[in-house]
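What follows is a single structure, written as structure tokens, with notes after it.
Numbering (my numbering), first residue to last: 105 to 356.
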């Protein structure tokens, strides 16, 4: 009788121990990392290469969008509002006779090698009138609508680079597609020229503010996280960055 009682007690303890071990193993298994599958959805960019432009932490947290931002004036430019789709214009498209009367061969003489530039070249023509002139500078400081300068006015303008800190006059990235979407949802696409410059002439179209912008190269897109009222992109996207921008407009 005593032996049977002891065996029964040992059996119960053994069963309890096995149950405890099973529970412990289950808990450990639930908390084990599963190798590559742990972040499996993040092995590739979750947005297929889409990245947001540099912005301040305040801008990112504020959630400002086109529906909440009010700009004064509410639109810029001349003529009619943007069409429903872009025309794929480059900054060199010349539908006016009021800019860049010289040919590209003459402009080429004003581009010089410069190893300090990421592109390897720099504009050395100063204020010589050209679509390639003064990349990185605040274009609309002279080309602003209603300005007193003789320069043709731009609705929107800027320069695309491959480095946030590229200095003024360094040539930027050519062939980048810049998509502008205005407050009504209408879009236009511009292509950066050899200097990296892009612009939309005032007489070409009118943009309802605020607008959103994105840059696409080789199928990858970098979009600004917030809508904008300022159409002179380089006034914020300078080599040092202003108004929350960390530097230049850069390709993805």
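Beta carbons: idealized from backbone N, C-alpha and C, even for Gly.
In angstroms, rounded to a whole number, what distance separates the CA positions of residue 220 and residue 240? 15 Å
Where does residue 323 land, buried or exposed, given buried means 16+ other C-beta within 10 angstroms? exposed
Continuous alpha helix (DSSP H) assignments of at least 4 residues falling wholly in the stretch 219–297: 244–247
Just to confirm before moving on: does the CB-CB distance between residue 226 and residue 173 stay below 8 Å? no
Compare the C-alpha of residue 282 against each of 179, 355, 177, 268 and name the closest. 355
Would the beta-carbon of residue 284 fall within 8 Å of that of residue 317? yes
Within this structure, are the beta carbons of residue 270 and residue 343 separated by less than 8 Å? yes
Going by the DSSP bridge assignment, what does residue 86 pair with across the sheet? It is not possible to answer for residue 86, since the shown part of the chain is limited to 105 through 356.
Can you tell which of 346, 259, 246 has its C-alpha closest to the C-alpha of residue 233? 246
Among 346, 306, 237, 217, which one has its Cα closest to the Cα of residue 300? 237
What does DSSP give as the partner residue(s) for residue 179 in the beta ladder? 312
Going by other Cβ atoms of all chains shown within 10 Å of its Cβ, with 16 needed for buried, is residue 341 buried or exposed? buried
Pick out whichever of 338, 319, 303 has its Cα sitting closest to the Cα of residue 256. 303
Count the other C-beta atoms from every protein chain shown that fall within 10 angstroms of the C-beta of residue 280, then say buried if there are 16 or more, exposed otherwise. buried
C-beta atoms of residue 278 and residue 337 nearer than 8 Å: no
Would you say residue 349 and residue 315 are within 8 Å of each other, going by their C-beta atoms? no
If you check the beta carbons only, do residue 224 and residue 214 fall under 8 Å apart? no
Measuring only the C-alpha atoms, how far is residue 309 from residue 209? 30 Å
With DSSP as the reference, please indicate the residues paired to residue 301 in a beta bridge. 263
Take residue 182 and list the residues in its own chain whose beta-carbon comes closer than 7 Å to its own, dropping the five residues that flank it on each side. 306, 307, 310
Cα-Cα separation, residue 296 to residue 235: 10 Å
According to DSSP, which residues form a beta bridge with residue 356? Answer is none; residue 356 lacks a bridge partner.
What does the alpha-carbon distance come out to for the pair residue 263 and residue 244? 12 Å
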